[in-house]
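Peer 1: Right, I'll just put the structure down here and ask away after.
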Amino acid sequence: MFRAPGPLAARPGLLRIGTRGSALAVAQTTTVAEAVAAATGLEIALVIVTTHGDTSRAPLAQLGGTGVFVSALRDALLAGACDLAVHSLKDLPTGPCPGIALGAVPHRADPRDALCSRGGRVLAELPAGARIGTGAPRRAAQLLARRPDLAVQDIRGNVDTRLARVDADLDAVVLAAAGLDRLGRAGVIAERFPLHEVPTAPGQGALAIEVREEDRGSAPYTAALAALDHAESRAAALAERSLLAALEAGCAAPVGARAAVAAGRLELSGTVYRLDGSAQLSASAASAWAGADDRAAVALGRRAARELLDGGAARLAPLGGSA
Ligand SMILES: NCc1[nH]cc(CCC(=O)O)c1CC(=O)O
Numbered sequence: 048m049f050r051a052p053g054p055l056a057a058r059p060g061l062l063r064i065g066t067r068g069s070a071l072a073v074a075q076t077t078t079v080a081e082a083v084a085a086a087t088g089l090e091i092a093l094v095i096v097t098t099h100g101d102t103s104r105a106p107l108a109q110l111g112g113t114g115v116f117v118s119a120l121r122d123a124l125l126a127g128a129c130d131l132a133v134h135s136l137k138d139l140p141t142g143p144c145p146g147i148a149l150g151a152v153p154h155r156a157d158p159r160d161a162l163c164s165r166g167g168r169v170l171a172e173l174p175a176g177a178r179i180g181t182g183a184p185r186r187a188a189q190l191l192a193r194r195p196d197l198a199v200q201d202i203r204g205n206v207d208t209r210l211a212r213v214d215a216d217l218d219a220v221v222l223a224a225a226g227l228d229r230l231g232r233a234g235v236i237a238e239r240f241p242l243h244e245v246p247t248a249p250g251q252g253a254l255a256i257e258v259r260e261e262d263r264g265s266a267p268y269t270a271a272l273a274a275l276d277h278a279e280s281r282a283a284a285l286a287e288r289s290l291l292a293a294l295e296a297g298c299a300a301p302v303g304a305r306a307a308v309a310a311g312r313l314e315l316s317g318t319v320y321r322l323d324g325s326a327q328l329s330a331s332a333a334s335a336w337a338g339a340d341d342r343a344a345v346a347l348g349r350r351a352a353r354e355l356l357d358g359g360a361a362r363l364a365p366l367g368g369s370a
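In the numbering used here, each residue's number is its place in the sequence shown (first place is 1) plus 47.
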């Protein structure tokens, strides 16, 4: 495996995998590349695609939401500058992208949120008024639901930037455990919030491997994608995303979800929060799990979303918009 220093032409036996350039993205994509190389014997090149979201310091909402991280990579894939693209699945907009297919969802990492605090204090140990940083309305609402006395601060930036705030001016930050684990930074985690109390962003901890629609059924893509795909992770991620899509909610809406295959069933639950954490609404659904079936997973997400909407989810929280 090597990193392409610039544009790299396609050639037989070479698979070019596109990634964002952040430390986390490169770590994730390296794991993917190693798995494909081991399973297929293909030579793998990492193609780093710089996105507007990486270079701008403007607030995420102003940039058009987390979709900015995704579109440059998709453009590179469609333009033939790479053969596969690796994204954090939770950053993908829920709508389809013409010409691009979801090729694989690899084995999901820890979907939980992690608290990183000064002195390693867990949430219950933080003093009243403690300053806690997150850029996600969902995380803010969940924190306030459990600790209305906390002062939640809006922050953004990559993992290191956000962790640095704990030493600088904040008492704690909340981050995805998966990102910290993948960066070898699990040591900074004071507490992983249990999923039944803190359901996380749909798709959190999962990766999405995208492929050009016209390539997905042919060699060497089929072998690479088969080596990467993990059916249970794919079903869970699709069910969670389908819930978000059916709520017509953006990726920054105050919506938590968790799905998993257990004892032959695919189980999903979703929760919508009032932004200040003072109210929430949950729904769950389950269906028999008989192996890979994207449509069953999507149907499950729609069912849970319908229950949430019927229960008044749209009155509880602003669901629309991507930021
Ligand atoms: N919103 C940005 C983002 N997209 C994916 C991850 C972490 C890795 C993952 O969830 O797969 C993060 C950082 C975070 O939420 O702390």
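Where is the CB? At the ideal position from N, CA and C, for every residue including glycine. Please read these numbers as outputs of a predicted model, since none were measured by experiment.
#1: Does ligand 1 have even one heavy atom less than 8 Å from the beta-carbon of L190?
#2: Give the secondary structure of R159 by DSSP, where H, G and I count as helix, E and B as strand, and everything else as coil.
#3: Could you compute how far the alpha carbon of R209 sits from the alpha carbon of G324?
#4: Distance check for A352 and L366, CA to CA, integer angstroms please.
#5: Within its chain, find whatever has a CB closer than 8 Å to the CB of I64; leave out the 5 residues flanking it on each side and keep chain order.
#6: Could you tell me if F49 is buried or exposed, where buried requires 16 or more neighbouring beta carbons within 10 angstroms of its beta carbon?
#7: Quick check: the region 208-225 against the region 268-284, are there 3 or more CB pairs under 8 Å?
#8: Alpha carbon to alpha carbon, how far is L322 from Q200?
#9: Along the beta strand (DSSP E) that carries Q75, what are the first and last residues, could you check?
#10: Would you give the residue range spanned by the beta strand (DSSP E) that T269 belongs to?
#11: Quick one: give me the first and last residue of the alpha helix (DSSP H) that A343 is part of.
#12: Roughly how many whole angstroms lie between the Cα atoms of A192 and P52?
#13: Helix, strand or coil for G114 per DSSP?
#14: In chain order, what residues place their C-beta within less than 6 Å of a heavy atom belonging to ligand 1?
#15: Could you have a look at V308 and say whether DSSP puts it in helix, strand or coil?
#16: Let me know if E257 comes out buried or exposed under the rule of 16 or more other beta-carbons within 10 Å of its beta-carbon.
#17: Under the DSSP definition of a beta bridge, which residues are partnered with L313?
#18: Mapping DSSP to helix, strand and coil, what is G226?
#19: Relative to the C-alpha of I236, which residue among W336, R58, G166 and A273 is closest?
Peer 2: In terms of the structure at hand:
#1: no
#2: coil
#3: 23 Å
#4: 12 Å
#5: T76, V79, A80, V83, I91, A92, L93, V94, C129, D130, L131, A132 and V133
#6: exposed
#7: no
#8: 14 Å
#9: Not the beta strand (DSSP E): Q75 falls in the alpha helix (DSSP H), residues A70 to T87.
#10: First-last for T269: Y268 to L275, but that is the alpha helix (DSSP H), not the beta strand (DSSP E).
#11: D341 to D357
#12: 47 Å
#13: helix
#14: T113, S135, K137, D138, L222, A223, A225, G226, Q251 and G252
#15: strand
#16: buried
#17: V308 and S334
#18: helix
#19: G166
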